[in-house]
Every structure is written in C-alpha cells, then in structure tokens.
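Before any comments, here is the structure.
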Amino acid sequence: MLRSAIAAAAMIFALPVAAEPVRLAVTDIEGLEALQQEFSAFEKALEDTTGLDIELFPVSSRTSAVESMNQNKVDLVLTGPAEYVVMKELTNAEIVVAWQRPNYFAQIVVMAEGEIDGPQDLKGKTVTFGSVGSTSQHLGPAQVLADFGLAYGTDYTAQIISRNVAIEALIRGDVQAVGMNDGHLRRIRDAFPGEAFKVIARGRDLPNDILVARPDMDREALEKIKTAFLENSGTLMAAVLKGEDNQKYGGGFFLTGVNDENYNYVRDMYQTIGVDTSSFVGD
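Residue numbers -19 to -1, 1 to 264, in mature numbering (1 follows the signal peptide of the UniProt record, and there is no 0), belong to the letters of the sequence shown in order.
Okay, structure coming up:
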C-alpha cells in the first residue's frame, strides 16, 4: 500500500501545471463590465487564434496600467500614442502591434464666417484644447500650431476646456479656435446644424494606438500573439469591431512593422507643451 501511495503521489506531482492566463488591459476603459462589453469578442478571438487563456484585466487609469505592468499583474496593454511614450519610459514595454485608426489626425477649428482665416490669425487669441494629455484633443492640435510657427501658450492663450463647452464658447465668440480630431468635428456639425465651422490647420496622421507587452512577458506566449495578428488579422479586427466604442478602428488595420521611432512625433508634442515623458500630462 505504501508503494501504491508513493506512486499515486508521484503521478499527482507529475501533472502539468496550468499556464497562467495572459492578462490584457485597456487604458481608456474603466471597470470590468465596460471592458467586457467592448472586448469580450476580441478576448475570445485571440484565445481561439493563439490557444492561450486570455483574461481581461481592468485598470482605473493609465498610471494604474503602468503600476500593474511593473508589478507583473498585467501582460498586455492597449493604449494611445500619448500614453505609450510615457509607458515606454516607465516600463520599457515592448511593441506588439499597432491598431490603426483611419482619419486620425488633429486639426484646428474656427467659425467659418469669423475673423480667423489661418493659423497666423490666432496670434494673441484664445485656443482651447480638450482632455488634458489627449493625443488628438490636446497634444496633437498644439503640435499642429507649432508646425505653423505658433508657440504654445506664448503666441496664443491656451485653455483646457471640455469640447462641448468649448464649442459653445466658440459660437459666442469667447474663444477663437478649438483643437480636435476629425470624428469630433463630424459630431459637432451634427449637433450644431445651424452653425458653420471651418478647419484652418490639419496635422499629419497621428501615430496609432498600440498594443504593448511587459518586457519580461513569456516569450512563447508573446510570439503566438504576434503570429495571430499577422496571420488572423481579419478575424481579430472583426472581433474588435463588435465593441460599440471600437468603431474608431473601422476600416483600419493591424500594423506589425511599427517601431518605437514611429512615436517620436508624439515626443515632439510633449516638448511643444513644455513637459517631458517621465509622467502623464495632468497627473
């Protein structure tokens, strides 16, 4: 009986240990319920195409995502370009794949019949920006003006105001321009059909959202994930687009040839507003 017990114990200890799930976080979604609504279909598709156990991991903020990665609580993080350059510095995260957003660029919007006809007309005027630290509402529009030779907060007064409030101020004439992306402008035109707006400056296409991995993530699992994006991109994108808020990726692609240098334009934006990439803007 002793020999049988020893043999049974040996068999128990010989059983393979279940692999840890690969935990995925998304920086602009708070709460597990919201995360599941947007990404549960993608979670399943990534499991099916990799054979891995994928687990959605909610984070309360971009700072929380950094802390979770540094504490090995999360393996993958989907984040925006402005967040990526800070995350890279704080975690040395590795690029997995970029998520393209078509028509993703920053622009400067004014009233069509106002006195502002070009960027130079904004000297001495007030320009508002949206969510502080946002690539397309703050950093990107500020860089657009810098590319036209206007220094942030010097050649014009820069204010951070929520987009809806800013548009109402623009219509009243309290401010002279608002920075935003193309999707915002389309929604504004729908919301204010009796008002005429025009764009006086557009920036280049912004660097894409990006999926990154913690630097010490299991290499075999990471390679399976990279291969899945390369070989099953259509299936994975279709799953992403099941999420209502993920329609911003509609018509886009997963880009596997992206590297860290592609985000130097974002680093230029930080310099434009006078901050470095050692912390998130507004934190």
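From the three backbone atoms N, C-alpha and C, an ideal C-beta is built for every residue, glycine too. For clarity, every value in this text was computed on a predicted model and none was experimentally measured.
- Contact between the stretch 50 to 60 and the stretch 236 to 244 is absent: fewer than 3 CB-CB pairs across the two stretches fall below 8 angstroms.
- CA-CA distance, residue 133 to residue 258, rounds to 17 angstroms.
- In the same chain as residue 31, and ignoring 5 residues on each side of it, the C-beta atoms closer than 7 angstroms to its own belong to 205, 206, 209, in chain order.
- Using a 10 angstroms sphere on the CB of residue 49, the tally of other CB atoms reaches 16 or more, which defines it as buried.
- DSSP places residue 184 in the uninterrupted beta strand (DSSP E) bounded by 178 to 186.
- Scanning 11, 38, 12 for the CA closest to the CA of residue 24 turns up 38.
- Beta bridge pairing from DSSP links residue 140 with 109.
- In the structure shown, the three-state DSSP call for residue 36 is strand.
- In the three-state reduction of the DSSP assignment, residue 192 falls in the strand class.
- Contact between the stretch 225 to 239 and the stretch 78 to 98 is established, with three or more Cβ pairs separated by less than 8 angstroms.
- When DSSP states are grouped into helix, strand and coil, residue 60 belongs to the strand group.
- Between residue 119 and residue 130 the beta-carbon gap is near 19 angstroms, outside 8 angstroms, which marks them as no contact.
- Annotation: the continuous alpha helix (DSSP H) that includes residue 23 extends over 13 to 31.
- Across the structure, residue 55 and residue 250 are spaced so that their CA atoms are roughly 28 angstroms apart.
- Shortest Cα-Cα distance from residue 196 to any of 14, 184, 47 involves 47.
- Counting every other CB atom within 10 Å of its CB across the protein chains shown gives residue 190 a total of 16 or more, marking it as buried.
- If the five residues before and after residue 74 are omitted, its C-beta is found closer than 6 angstroms to the C-beta atoms of 68, 193, all from its own chain and listed in chain order.
- DSSP, reduced to helix, strand and coil, places residue 132 outside both helices and strands of the structure shown, so it counts as coil.
- Per DSSP, residue 221 lies in no beta strand (DSSP E); the unbroken alpha helix (DSSP H) holding it starts and ends at 214 to 221.
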